[in-house]
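Numbering (this note's numbering), first residue to last: 2 to 173. Structure, as structure tokens:
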């Protein structure tokens, strides 16, 4: 217990001093308890929020582990998958003892990755029901502005004059 020259300390700082203050006076004991165990509303709310945060963290981790276990139960040779680093491939074989998966990236190109690196099963994309319109391969079906005058018969001077006139029309 620290004393200043001739002054008496009113609020003890440790539990031993709090017990001695109780023997001295009830007023000092009450102040000592408040200093040692300050359980006000804000402290209680802080502990409750901390407890909720920890609970939510454990719950999220458990949910993630369940999703990962469900995904890994669907692994079998021939399934198209994607790894956590964006590598696509087809499962060729799996080694449960060493947690390894062999992926075929392209015909004859194999890669061995850790089982936990495989994070997604890729569903094959179904073809669209709507057919895309057929585009002809020849130029005969395309219409050209000013089709009455073939572009090949225009001289360079005529082209310059035509472009200048079109520029004047656009600026007006």
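Glycine included, each C-beta is placed from N, C-alpha and C at the ideal position. None of the values given here were measured: they were computed from a predicted structure.
If you follow the beta strand (DSSP E) that residue i is part of, which residue opens it and which one closes it?
| i | result |
| --- | --- |
| residue 120 | 119 to 122 |
| residue 84 | 81 to 84 |
| residue 116 | From DSSP, residue 116 is part of no beta strand (DSSP E); its letter is neither H nor E. |
| residue 96 | 89 to 96 |
| residue 107 | 101 to 107 |
Just to confirm my understanding: we take residue i, look at its own chain, exclude 5 residues before and 5 after, and list those with CB closer than 8 angstroms. What are they?
| i | result |
| --- | --- |
| residue 61 | none |
| residue 125 | 81 |
Between the Cα of residue i and those of the options, spot the shortest distance and give me the residue it belongs to.
| i | options | result |
| --- | --- | --- |
| residue 92 | 159, 43, 80 and 119 | 80 |
| residue 98 | 115, 84 and 123 | 115 |
| residue 71 | 121, 168 and 156 | 121 |
| residue 102 | 155, 94 and 108 | 94 |
| residue 100 | 48, 73 and 159 | 73 |
Got a sec? Which residues, its chain only, sit under 7 angstroms from residue i by beta carbon, not counting five neighbours each side?
| i | result |
| --- | --- |
| residue 90 | 82, 104, 105, 106 and 112 |
| residue 1 | Given that the chain is displayed from residue 2 to residue 173, the structure contains no residue 1 and the question cannot be resolved. |
Does the distance from the CB of residue i to the CB of residue j come in under 8 angstroms?
| i | j | result |
| --- | --- | --- |
| residue 119 | residue 86 | no |
Just reading off the alpha helix (DSSP H) that residue i is part of, what are its end residues?
| i | result |
| --- | --- |
| residue 53 | 42 to 74 |
| residue 77 | Unbroken run through residue 77: none, as it is neither H nor E. |
| residue 156 | Here residue 156 belongs to no alpha helix (DSSP H), and DSSP marks it neither H nor E. |
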